[in-house]
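Just so you know, we're using my numbering here: the sequence shown kicks off at 245 and counts up by one. All residues carry an ideal CB built from backbone N, CA and C; glycine is no exception. Only one structure is covered here, and it is reproduced in the block below.
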Amino acid sequence: MDLERKVRELFSEFVQLHFKKPVEADFRDLRSALLFSMFLEWFGLDNPLGIYLLDLYPELLSEFHLWHRTLGIEHSKLDFLPCC
245 MDLERKVREL
255 FSEFVQLHFK
265 KPVEADFRDL
275 RSALLFSMFL
285 EWFGLDNPLG
295 IYLLDLYPEL
305 LSEFHLWHRT
315 LGIEHSKLDF
325 LPCC
């Protein structure tokens, strides 16, 4: 029993060390790509996904604030968004 617990802990630590950081980095990249694709029209670009993402806008407006802060933009230049 004790050996099984130690093996599980060792495996858990291995997974966290070797896979957690790359997965978190991929998650951040995918999140940024999703938010950018949602707000393409607001940056003056055509958005082919616009009709499919309409339901997500209210949910992700708060995420937009976190996103532009992670990009290093203190205040959003988009005056029509309820941000900052």
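Item to complete: Give the secondary structure of E285 by DSSP, where H, G and I count as helix, E and B as strand, and everything else as coil.
Response: As a first step, residue 285 must be located in the sequence shown, where it is residue number 41. Note: E285 maps to helix in three-state DSSP.
Worksheet item: What is the DSSP secondary structure of H319, reduced to helix, strand or coil?
Response: On the sequence shown, residue 319 is found 75 positions in, with the first residue counted as 1. H319 falls in the coil class under three-state DSSP.
Worksheet item: Given L304, which residues of its chain have a CB within under 7 angstroms of its CB, disregarding the five upstream and five downstream residues?
Response: Here the question's residue 304 lines up with position 60 in the sequence shown. Same-chain partners within the cutoff: L279 and M282.
Worksheet entry | Buried or exposed (CB count within 10 angstroms, at least 16 for buried), W351 | Since the first and last residues shown for the chain are 245 and 328, residue 351 lies out of range.
Worksheet item: Span of the alpha helix (DSSP H) holding W246?
Response: For the purposes of this step, residue 246 is identified with residue 2 of the sequence shown, where counting begins at 1. The sequence shown places Asp at residue 246, rather than the Trp named in the question. Per DSSP, D246 belongs to the alpha helix (DSSP H) from D246 to V259.
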